[in-house]
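Heads up: the structure comes next, in structure tokens.
Numbering (the numbering used here), first residue to last: 28 to 256.
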């Protein structure tokens, strides 16, 4: 036998002794990389350490997305189309109701162009008492389609519940209240709504008292603003 076969036999015998535990393994160290990608120094026979990364489940991701959506603030909800400034000046508003309105296609296009005026408008109950109608509200004609355009001051029916219509009719007929449109706005579904108010007329003295209160509040707000640091 030559030298090469002796070396092979020696190495085989040495590995058997190491496996059985008769000889301690050598303390030589090498540099290797774990599954996480960072280099570590350990023994040759010691297996590398594995790091288990737990991925979030689909349910936890959905709950996190829902929480983010809830925390978002709504941007510009119920944009106002038109307001009746003289209503609160000439009347004392007692209660308010949000009513739908029956409109034509040309009227909706004109309203979106800003051609609606609630200044001279008022609301009356029907003869039967099951509905309400909006009178004397000006909606300008749309620029296109002269043949299919609408009347500017036509009577427009309001959409209210029967209980609300009965209540308003009693207040108007018995107590002599008036119903005035306060503002027109778009709701969440992008539909036109009219806010009507059950009002009581103001006399000259009430108007003067309201002007005094408004001026006093303005002066106090101005003084508080000047004293702020």
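Glycine is no exception: its CB is placed at the ideal position from the N, C-alpha and C atoms.
Considering only the alpha carbon of each residue, which of 140, 187 and 168 lies closest to residue 153? Along the chain shown, one-based indexing puts residue 153 at 126. The residue with the shortest Cα to Cα distance from residue 153 is 187.
So for residue 155, helix, strand or coil by DSSP? Walking along the chain shown from the start, residue 155 turns up at place 128. Coil at residue 155, not helix or strand.
Counting Cβ pairs, one atom from each stretch, are 3 or more of them under 8 Å apart for the region 117 to 124 and the region 222 to 242? yes
Taking residue 199 as part of the alpha helix (DSSP H), name the residues at either end of that continuous run. Residue mapping note: residue 199 aligns to position 172 of the chain shown, counting from 1. First-last of the alpha helix (DSSP H) with residue 199: 189 to 202.
Could you compute how far the alpha carbon of residue 250 sits from the alpha carbon of residue 179? Taking the first residue of the chain shown as 1, we reach residue 250 at position 223. Taking the first residue of the chain shown as 1, we reach residue 179 at position 152. Near 47 Å, if we compare the C-alpha coordinates of residue 179 and residue 250.
Could you give the distance in angstroms between the alpha-carbon of residue 203 and the alpha-carbon of residue 254? For the purposes of this step, residue 203 is taken as the residue at position 176 of the chain shown. For the purposes of this step, residue 254 is taken as the residue at position 227 of the chain shown. Cα to Cα, residue 203 sits roughly 47 Å from residue 254.
In this structure, does DSSP put residue 125 in helix, strand or coil? Residue 125 sits at position 98 when you count from the first residue of the chain shown. Note: residue 125 maps to strand in three-state DSSP.
Would you call residue 164 buried or exposed, if buried means 16 or more other Cβ atoms sit within 10 Å of its Cβ? Within the chain shown, the letter at position 137 stands for residue 164. Burial call: buried.
Given a cut-off of 8 Å, decide if residue 129 and residue 177 are closer than it, judged by their beta-carbon atoms. Taking the chain shown and counting its residues from 1, the one referred to as residue 177 is at position 150. Taking the chain shown and counting its residues from 1, the one referred to as residue 129 is at position 102. No. Outside cutoff.
Residue range of the alpha helix (DSSP H) that residue 132 falls in? In the chain shown, counting from the first residue as 1, residue 132 sits at position 105. Start and end: 132 to 139.
Contact set for residue 218: own chain, Cβ-Cβ below 8 Å, skip 5 residues either direction: Here the question's residue 218 lines up with position 191 in the chain shown. Excluding positions up to five away in sequence, the list reads 127.
Let's see if you can read the secondary structure: which residues bound the beta strand (DSSP E) around residue 183? Position 156 of the chain shown, counting from 1, holds the residue named residue 183. From DSSP, the beta strand (DSSP E) with residue 183 extends over 183 to 186.
Output the distance between the C-alpha atoms of residue 119 and residue 237, rounded to the nearest integer angstrom. One-based indexing of the chain shown puts residue 119 at position 92. One-based indexing of the chain shown puts residue 237 at position 210. Roughly 10 Å between the two C-alpha positions.
Sort out for me which residues DSSP pairs residue 212 with in a bridge. On the chain shown, position 185 is the one that residue 212 refers to. Beta-bridge pairing links residue 212 to 107 and 220.
Determine the DSSP secondary structure at residue 225, reduced to helix, strand or coil. The sequence position of residue 225 within the chain shown is 198, counting from 1. Residue state, collapsed to three classes: strand.
For residue 141, is the classification buried or exposed, using 16 other Cβ atoms within 10 angstroms of its Cβ as the cut-off for buried? On the chain shown, residue 141 is found 114 positions in, with the first residue counted as 1. Residue 141 should be labelled exposed.
I need the straight-line Cα distance from residue 112 to residue 208, nearest angstrom please. Taking the first residue of the chain shown as position 1, residue 112 is located at position 85. Taking the first residue of the chain shown as position 1, residue 208 is located at position 181. Going by the C-alpha atoms only, they are around 10 Å apart.
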